[in-house]
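Chemist: Once you've had a glance at the structure underneath, I'll fire off some questions.
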Amino acid sequence: MKRLLIATLFLCFSVSPALAQTQSQDNHFTLEQVMSAPFPSNLVAAPVGGSVAWVQIAKGSRNVWVASPPEYKGRQLTSYTGDDGEEIGELVWTTDAKAIIYTRGGDLDNFGDSPNPRSAPEEPKQLLWLVTLDGKPPHQLAEGHSAAVSPKGDLVAYISKRDIWSLRLNGSGNHPIGAAPMGTPDKPSALVATKGQSDSLRWSPDGSKLVFVNGRRDHGFIGLYDLAAKSVRYLDPSVDRDGEPVWSRDSKQVAFIRIPASREAAAFAPKRSGEPWSIRVANAETGEGREVWKADKNAGSVFRNIVADYQLIWSADNHIVFPWEKDGWTHLYAVASAADSRSAKALLLTPGDFEVEHASASADGKEIIYSSNQSDIDRRYIWRVPAAGGKQQTAVTAGIIGGNSIEWSPVETSDGKGVAFFHSDARRPGRAGIQIGTASIQDLASQTIPAEFPESSLVEPEQVIFDSADGMKIHGQLFLPENLDKTKRHPAIIFFHGGSRRQMLLGWHYMYYYRNAYAMNQYLANHGYIVLSVNYRSGIGYGMEFREALNYGATGGSEFNDVMGAGIYMRNRPDVDPQRIGLWGGSYGGYLTAMGLARASNLFAAGVDMHGVHDWNIVVRNFVLTYDPLAKPDAARLAFESSPLASIKTWRSPVLLIHGDDDRNVPFSETVHLVEALRNQGVEFEQLIFPDEIHDFLRHEDWLRAYRASADFMDRHLKNSAR
Numbered sequence: 010m011k012r013l014l015i016a017t018l019f020l021c022f023s024v025s026p027a028l029a030q031t032q033s034q035d036n037h038f039t040l041e042q043v044m045s046a047p048f049p050s051n052l053v054a055a056p057v058g059g060s061v062a063w064v065q066i067a068k069g070s071r072n073v074w075v076a077s078p079p080e081y082k083g084r085q086l087t088s089y090t091g092d093d094g095e096e097i098g099e100l101v102w103t104t105d106a107k108a109i110i111y112t113r114g115g116d117l118d119n120f121g122d123s124p125n126p127r128s129a130p131e132e133p134k135q136l137l138w139l140v141t142l143d144g145k146p147p148h149q150l151a152e153g154h155s156a157a158v159s160p161k162g163d164l165v166a167y168i169s170k171r172d173i174w175s176l177r178l179n180g181s182g183n184h185p186i187g188a189a190p191m192g193t194p195d196k197p198s199a200l201v202a203t204k205g206q207s208d209s210l211r212w213s214p215d216g217s218k219l220v221f222v223n224g225r226r227d228h229g230f231i232g233l234y235d236l237a238a239k240s241v242r243y244l245d246p247s248v249d250r251d252g253e254p255v256w257s258r259d260s261k262q263v264a265f266i267r268i269p270a271s272r273e274a275a276a277f278a279p280k281r282s283g284e285p286w287s288i289r290v291a292n293a294e295t296g297e298g299r300e301v302w303k304a305d306k307n308a309g310s311v312f313r314n315i316v317a318d319y320q321l322i323w324s325a326d327n328h329i330v331f332p333w334e335k336d337g338w339t340h341l342y343a344v345a346s347a348a349d350s351r352s353a354k355a356l357l358l359t360p361g362d363f364e365v366e367h368a369s370a371s372a373d374g375k376e377i378i379y380s381s382n383q384s385d386i387d388r389r390y391i392w393r394v395p396a397a398g399g400k401q402q403t404a405v406t407a408g409i410i411g412g413n414s415i416e417w418s419p420v421e422t423s424d425g426k427g428v429a430f431f432h433s434d435a436r437r438p439g440r441a442g443i444q445i446g447t448a449s450i451q452d453l454a455s456q457t458i459p460a461e462f463p464e465s466s467l468v469e470p471e472q473v474i475f476d477s478a479d480g481m482k483i484h485g486q487l488f489l490p491e492n493l494d495k496t497k498r499h500p501a502i503i504f505f506h507g508g509s510r511r512q513m514l515l516g517w518h519y520m521y522y523y524r525n526a527y528a529m530n531q532y533l534a535n536h537g538y539i540v541l542s543v544n545y546r547s548g549i550g551y552g553m554e555f556r557e558a559l560n561y562g563a564t565g566g567s568e569f570n571d572v573m574g575a576g577i578y579m580r581n582r583p584d585v586d587p588q589r590i591g592l593w594g595g596s597y598g599g600y601l602t603a604m605g606l607a608r609a610s611n612l613f614a615a616g617v618d619m620h621g622v623h624d625w626n627i628v629v630r631n632f633v634l635t636y637d638p639l640a641k642p643d644a645a646r647l648a649f650e651s652s653p654l655a656s657i658k659t660w661r662s663p664v665l666l667i668h669g670d671d672d673r674n675v676p677f678s679e680t681v682h683l684v685e686a687l688r689n690q691g692v693e694f695e696q697l698i699f700p701d702e703i704h705d706f707l708r709h710e711d712w713l714r715a716y717r718a719s720a721d722f723m724d725r726h727l728k729n730s731a732r
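If you read the sequence shown in this note's numbering, its first letter stands for residue 10, the second for the next number, and so on.
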C-alpha cells in the first residue's frame with residue numbers, strides 16, 4: 010500500500026520572476042497569458058438602428074459592449090472593474106434602441122440564492138440595471154432578473170423570487186425608455202403572483218398581453234396576463250409540460266411546445282423514443298388550443314432543444330419553425346401555423362448528417378439564420394434558409410469552404426444589412442464580428458485582445474478518430490507540442506469535457522467553461538505534454554444515437570469504454586510514455602477521470618478531478634426530483650455500480666480533487682464522500698477547495714488557481730517522478 014499523502018492546497022501557486030524569464034526564453038507561456046483574452050457572450054441585435062450589444066468578460070471583469078453602424082467599432086458601455094464574480098447577462102434592448110437593460114449578479118443558470126464567491130460579509134444581490142448609449146453611468150432598476158421590455162416601450166416586466174413584477178420608467182409612459190433626461194423609475198409593483206416558478210416572459214407584438222411559462226414540479230402551464238383586464242388566463246392547460254411560447258405576429262395566437270408528462274422519467278435512460286411531443290396553438294382571447302403538429306413515433310418523438318432564445322420561431326409568412334431529429338440528427342423543420350396535426354407534414358429545412366445549434370430569425374422574419382457542423386463535424390459555421398422552405402440553405406460566411414473557423418450565436422441587424430456573430434479558430438479566441446453583405450468579416454472589438462496573449466505560440470489541434478474499448482468510433486482533438494522530438498517518449502494527458510451534452514471543437518470553444526479548458530490544454534501542450542481531448546459517447550455533434558448512448562451514465566457508465574479507448578490509443582503512440590499518462594476533467598469529465606483512476610490505475614498514472622460525480626444515486630436527484638433509490642433498488646444498484654465509488658478498492662493512482670462548496674450542479678458532498686473513501690483505501694490525494702464558489706467558477710483567479718494547481722500536480726506525478 011502506498012504511503013498516504015494528504016496535501017491541502019489553499020495558497021495560490023505563483024510563477025517566480027526567474028521561472029517566468031526562463032519560460033519566455035523557451036517559448037513557454039503562462040496560464041495568465043493564455044487566459045488573458047476576453048470572452049464574449051449574449052449577443053443581441055437592437056430592434057431599430059442596426060446596433061448590436063454583447064457581454065465581454067476580461068480577467069474576471071464583466072461589461073456590456075455595443076457596436077453601431079456604419080463603423081461598427083465596439084465600445085464599452087459599463088465600467089465594472091475587478092474580479093468580483095458578479096455575472097452579467099440577459100441583455101435586452103429598449104424599443105428605441107437608446108438603452109440596454111441587463112441582469113447583474115446572482116446565478117444566471119439556476120436562479121437560486123445569489124452566489125458569493127468572494128465570501129463578502131454581505132451577500133450580493135441580483136439586480137436589474139439600465140445603461141444608455143450616451144455614456145452615462147448605469148441606473149439600478151430593481152432586484153430581479155429576466156427583464157422583458159414591452160413593444161410600447163413604457164413598461165418592463167421581470168421576475169423577482171418566483172413572481173412577475175413590472176416597472177414603468179421615467180415616471181410616466183409619455184416618452185420612450187432611455188430618452189433624456191432619465192428620470193427616477195416608479196416603484197416596482199407585483200404583476201402576477203403565481204404558484205410554482207415562472208420564466209420565459211414574452212410580450213405580444215402589440216404590447217397588450219404577456220405570456221410566461223409557469224412550472225409546477227410535475228407539470229407546466231402557459232400563462233397569459235392581460236394588462237387591460239389585469240387578469241391571468243392559462244392557455245389550453247393539461248397535465249403535461251408546456252413551454253417555449255411564441256406569439257403570432259398579429260398578437261392573436263400563441264404557439265407552444267407540449268411534452269407529455271411521465272412519472273418514469275429518468276436522467277440517463279436513452280431518450281431515442283417516447284410518447285411524442287407536439288406543437289399547439291392557443292387563442293389569446295379564449296385560451297382554447299389546438300394541435301397543429303405532432304412528432305412521429307420512434308426517432309425524434311422525444312423533444313430535443315437547440316441553443317437558442319426561442320425553440321419555436323413564428324415566421325413572417327406564418328410558418329412555425331422548430332427543431333426535430335426525425336432522421337437521427339437535430340434539424341430545423343417548418344409547419345404552417347394554420348395546420349392540423351391529423352394531416353400536417355413537417356417540412357425539413359436543413360437536410361444532411363449534421364446538427365443545428367444556435368438559431369434566430371432574420372430581421373424581416375422570412376429566414377432562419379443558424380450555426381451547424383454541416384461542413385465540418387468538429388467545427389461550426391453559419392448558414393441561412395427560408396422559413397417556408399423551397400430553397401437550399403446558403404452559407405453566410407466565406408470561411409466555410411476550406412476554412413478552419415468556428416462561428417456561433419448569429420443575429421441579423423435590424424436593417425437587414427449585416428449578420429453579427431462570435432467566431433474563433435485554433436489560435437485566436439472567441440470575439441464579436443460582423444459580416445456586411447459579402448464583405449470580409451469585421452471584428453467589432455479586436456483591440457481588446459491583449460498584447461500578452463500568446464497567439465503565435467499556440468498549436469493547431471489535429472482531428473483524430475480512434476476505437477473505444479467496445480469498437481465505437483470516437484472523435485478527439487490531439488494537441489502536439491511544437492517541435493516535438495518524435496524519437497523520445499513524452500508524458501501525456503487525456504481531457505474529458507463535462508455535460509455530458511457537450512462537444513469540444515478544433516479551436517476555441519463557444520462556452521466560457523470550455524474556453525478555459527481549451528486554454529488549459531494549450532498550456533499543457535506548450536509545456537511538453539501530448540494532450541488528447543475526447544468527445545466521448547453521450548455528447549453532442551454526432552447524432553441522436555451517439556448522444557443517447559446505450560447504458561450511459563447511471564445506467565451502466567458505458568462511456569468508460571471511451572476512457573479506455575483513449576488510454577490505449579495514447580499508450581500505443583510511439584511518442585507517448587505509457588507509464589506517464591494522466592487524466593483531467595470537470596463535472597462529467599471529473600466523473601470519467603475518477604472512473605479511469607478507479608478502474609484502470611495500471612493505465613492512468615494520475616488525475617485531476619474537478620467537481621466530479623462519484624455516486625450517481627446522489628447526483629441524479631439534481632435532474633429527477635422524484636428519484637428515490639429506495640423505491641427502485643435495482644436501478645439504484647446499477648447507478649452505484651456505474652459510479653467511481655463502486656471501484657474504490659482498485660483505485661491506486663494519485664488524484665487532485667478541486668471543488669467549490671456552493672456548487673449547484675454537483676453537490677459538494679460528492680468530494681467529501683470520495684475523500685473519506687480514498688483515506689480509508691490509503692490512496693494519495695490532494696485537495697483544492699473554494700469556499701462559496703459555484704460549479705462554473707465565477708472568479709477568474711479561481712480558474713487560474715485551479716489550473717496552476719493542476720499543472721503543478723501533473724508535473725510532480727508525470728514529469729518529475731517515475732511510477
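Even glycine gets a Cβ: it sits at the ideal position worked out from N, Cα and C.
Note that the coordinates shown come from a computational prediction; the quantities given were computed from them, not determined experimentally.
Find out if the Cβ-Cβ distance for the pair Y545, F505 is shorter than 8 Å.
Modeler: Taking 8 Å as the Cβ cut-off, Y545 and F505 qualify as a contacting pair.
Chemist: Looking only at C-alpha atoms, which of N631, L176, T203 and Q206 sits nearest to K196?
Modeler: L176
Chemist: What runs of the beta strand (DSSP E), each 3 residues or longer, lie entirely inside the region 441 to 522?
Modeler: As far as the region 441 to 522 is concerned, its whole beta strand (DSSP E) runs of at least 3 residues are 471 to 476, 482 to 488 and 499 to 505.
Chemist: Put F230 into one of helix, strand or coil per three-state DSSP.
Modeler: Strand at F230.
Chemist: Counting C-beta neighbours from all protein chains within 10 Å, is the total for T104 16 or more, i.e. buried, or is it exposed?
Modeler: buried
Chemist: Identify which residue in V316, N292, S287 and A317 has its Cα closest to the Cα of K306.
Modeler: S287
Chemist: Using only the alpha-carbon positions, how far apart do L139 and P56 sit?
Modeler: 16 Å
Chemist: Compute the Euclidean distance between the alpha carbons of A156 and W392, then round it to the nearest angstrom.
Modeler: The alpha-carbon atoms of A156 and W392 are separated by roughly 29 Å.
Chemist: Jot down the residue ranges of each uninterrupted alpha helix (DSSP H) in the region 648 to 723, minimum 4 residues, whole runs only, in chain order.
Modeler: 678 to 690 and 709 to 723
Chemist: Looking at the structure shown, is M44 part of a helix, part of a strand, or coil, going by DSSP?
Modeler: coil
Chemist: Locate the alpha helix (DSSP H) running through R580, then write down its first and last residues.
Modeler: F569 to R580
Chemist: Taking the alpha helix (DSSP H) that L244 falls in, what are its first and last residues?
Modeler: Run containing L244: none; DSSP gives neither H nor E here.
Chemist: What does I539 pair with, by DSSP beta-bridge criteria?
Modeler: A501
Chemist: Residues in its own chain within less than 8 Å of S656 by CB, not counting five upstream and five downstream?
Modeler: The beta carbon of S656 sits closer than 8 Å to the beta carbons of M604, A607 and R608 from its chain, once the five residues preceding and following it are set aside; these are given in chain order.
Chemist: The alpha helix (DSSP H) with F555 in it runs from where to where?
Modeler: Segment M553 to R556, the alpha helix (DSSP H) holding F555.
Chemist: In chain order, which continuous runs of the beta strand (DSSP E) of length 3 or greater are located wholly inside the region 341 to 402?
Modeler: Within the region 341 to 402, the runs of beta strand (DSSP E) that reach at least 3 residues and sit entirely inside it are, in chain order, 365 to 370, 376 to 381 and 390 to 395.
Chemist: Starting from the Cα of S324, find the closest Cα among L210, G574, K728 and S257 and give me that residue.
Modeler: S257
Chemist: So, helix, strand or coil for Y111, using DSSP?
Modeler: strand
Chemist: Helix, strand or coil for P254 per DSSP?
Modeler: strand
Chemist: Am I right that D624 and S652 are in contact with their C-beta atoms under 8 Å? What's the rounded C-beta distance?
Modeler: 5 Å
Chemist: Does L164 come out as helix, strand or coil in the three-state DSSP assignment?
Modeler: strand
Chemist: I'd like to know whether the C-beta atoms of G91 and L117 end up nearer to each other than 8 Å.
Modeler: no
Chemist: Inspect the beta-carbon positions of G69 and R708 and report whether they are closer than 8 Å.
Modeler: For G69 and R708, yes; Cβs fall inside 8 Å.
Chemist: Please state whether DSSP places H623 in a helix, a strand or coil.
Modeler: coil
Chemist: Identify whether H726 lies in helix, strand or coil by the three-state DSSP scheme.
Modeler: Shown here, H726 sits in a helix according to DSSP, grouped into three states.
Chemist: Nearest-angstrom Cα distance between L683 and A199?
Modeler: 46 Å
Chemist: Where DSSP assigns a beta bridge to F331, which residues make up the other side?
Modeler: Y342
Chemist: Between which two residues does the beta strand (DSSP E) harbouring A609 extend?
Modeler: No beta strand (DSSP E) holds A609; DSSP gives it neither H nor E.
Chemist: Answer with buried or exposed for D349, where buried requires no fewer than 16 other C-beta atoms within 10 angstroms of its C-beta.
Modeler: exposed
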